[in-house]
Amino acid sequence: TVSFQFKAPSIEMRNAWVDILRTAIKTIVPVGGAGSSPQDRNYIVASLMDISKGQLHLNEMLDEELSRRRAAGEMLFGHRLQDVATVRLEQYAEPIPKALVILWQALIHKGQGIASEGIFRVTGSKDEIAASKKFISSGAWDKKVLGGALNGVFDKEWWQGQEHPKDAFCAGNLIKIWFRDLRPKLLDAVDLDAVKFSKPNAGEALQDLLGPRRCPVFKWLLDRCLEIEKHTHSNLMTKPALATVFTPNLFSDIAVAINDGANFFVKALQW
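The sequence shown begins at 56 in this note's numbering and counts up by one.
Right, dumping it as structure tokens:
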């Protein structure tokens, strides 16, 4: 038995690689099947080493496999916005990632929802968060949630019967993780001094800086934070508090995130 280990940046990427490697192994095994001879075993091991070094042009195969998975709506978490499944919402110019839309519904419908004290700040159980992300990323939601027009996710009673995410805190953490997974981060390319939120053209300036794909996602996040802030009396999450918990997930440079980035986020919320 040959054991072949590799690291992938995400579960989606790992699953794609597993499918590709299975196909590749079938391709490299001699037509008559792999025998027990050292020559056969050495051939397979050498071929797997070539795969690991990228010498069998598997990057193209990976792109094709990921494209197939994206077309099937299977990628809910990912490193690039163009890789994840999206859904159109009337109030935004471009589609919003499905994972964010669904997780937000989970957040508002589970437990105390947006009124939960410390929502987005309280981390919850790491094991439960990891289990929920694994469940969501495995494709388990495809039939339960993504098969229709997402009507079920807007129903509070429907969420009461769903195991994942466990509660509003878990859903909130998964939203932060979704942004944290992006490469580059959502606001990495933003010149923080270029947008003057006191100016009437602030929206256009933000659009120009973020681009048509990232800007609606940022506006979606701002809208959700403002909904959270409406319940400050119970959840204790003010604009600065929301900036503190979110900006480390929006900027790669932590120093920028906790200083200028946090100020930018608060101004954006005030805008």
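Every residue gets a Cβ at the ideal spot worked out from N, C-alpha and C, and that includes glycine. Owing to the predicted nature of the structure, the values given are computational and were not obtained by experimental measurement.
With respect to the C-alpha of L277, the residue from K251, L324, I157, S307 having the closest C-alpha is L324. In the DSSP assignment, P152 is bridged to T141. Using a Cβ-Cβ distance cut-off of 8 Å, the region 293 to 302 and the region 245 to 252 are not in contact, since fewer than three pairs of beta carbons, one from each stretch, lie closer than that value. Distance between I313 and S193, taken at the CA atoms: about 33 Å. Of the candidates G173, V139, F320, L136, G173 places its Cα closest to the Cα of N228. Here N290 is buried: its Cβ has 16 or more other Cβ atoms, across all protein chains shown, within 10 Å.
Inside the region 282 to 318, DSSP marks whole alpha helix (DSSP H) runs of 4 or more residues at positions 287 to 290, 294 to 301, from first to last along the chain. Rounded to the nearest angstrom, the Cβ distance from V139 to F132 is 7 Å, consistent with a contact under 8 Å. In the three-state reduction of the DSSP assignment, F252 falls in the coil class, being assigned neither a helical nor a strand state. Rounded to whole angstroms, Q217 and D182 show a C-alpha spacing of 17 Å. Under the three-state reduction of DSSP output, A161 falls in the helix class.
Residues of the same chain with a CB within less than 8 Å of the CB of L281, apart from the 5 flanking positions on each side, are L324 in chain order. Comparing C-alpha distances from R176 to each of K322, K294, F306 shows the shortest one belongs to K294. In the structure shown, the three-state DSSP call for D278 is helix. In terms of Cα proximity to K165, the closest of A154, I184, Q215 is Q215. By a beta-carbon distance limit of 8 Å, V272 contacts L136. Their separation comes to about 7 Å. DSSP places L264 within a helical segment (H, G or I) once states are collapsed to three.
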